[in-house]
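Student: After the structure tokens below, expect a handful of questions from me.
Residue numbers (this note's numbering): 457 to 554.
Take a look at the structure:
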């Protein structure tokens, strides 16, 4: 929650900023499950930010499943837990500042 609080403080400091919450998973389950899981994580992060007083009109939540791994840990590749953890993330992309 510390990282989300930091995002909230930035959004409060820049009231015209809009962001996309981009959630990702590792590749250890099937594609459809991972897509649903990442969408759920993105919505949960967005709901938290909204609960802290940020308007939903400033946020877009998207799940990308395992489609954008950062380190090549794809289906069938032997990776350790730290490598899988790198792919389980939510990124915050600024999409507009007016």
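Think of the CB as a built atom: it goes at the ideal place given N, C-alpha and C, for glycine as much as any other residue.
For residue 547, name the three-state secondary structure that DSSP assigns.
Tutor: Translated into positions along the chain shown, residue 547 becomes position 91. DSSP places residue 547 in strand when its eight states are reduced to three.
Student: Specify whether the stretch 528-537 and the stretch 509-516 touch according to this definition: at least 3 beta carbon pairs, one from each stretch, less than 8 Å apart.
Tutor: no
Student: Evaluate contact between the stretch 522-532 and the stretch 460-477, counting only Cβ atoms and requiring at least three cross-stretch pairs below 8 Å.
Tutor: no
Student: Measure the alpha-carbon distance for residue 494 versus residue 500 and round it to whole angstroms.
Tutor: Your numbering for residue 494 matches position 38 in the chain shown. Your numbering for residue 500 matches position 44 in the chain shown. One C-alpha to the other measures close to 10 Å.
Student: So which of 502, 484, 549 has the shortest CA-CA distance to residue 542?
Tutor: For the purposes of this step, residue 542 is taken as the residue at position 86 of the chain shown. Of the candidates 502, 484, 549, the one whose C-alpha sits nearest the C-alpha of residue 542 is 484.
Student: Verify whether the separation of the beta carbon atoms of residue 529 and residue 482 is less than 9 Å.
Tutor: Working through the chain shown from its first residue, we reach residue 529 at position 73. Working through the chain shown from its first residue, we reach residue 482 at position 26. Contact: yes.
Student: Should residue 552 be labelled buried (16 or more other beta-carbon atoms within 10 Å of its own) or exposed?
Tutor: Here residue 552 is taken as the residue at index 96 of the chain shown, counted from 1. That one is exposed.
Student: Considering only DSSP beta bridges, list what residue 519 is partnered with.
Tutor: The residue given as residue 519 occupies position 63 in the chain shown. Note: residue 519 sits in a beta bridge opposite 479.
Student: Quickly, what does DSSP pair residue 474 with across the bridge? List them, please.
Tutor: Position 18 of the chain shown, counting from 1, holds the residue named residue 474. Residue 474 pairs with 552.
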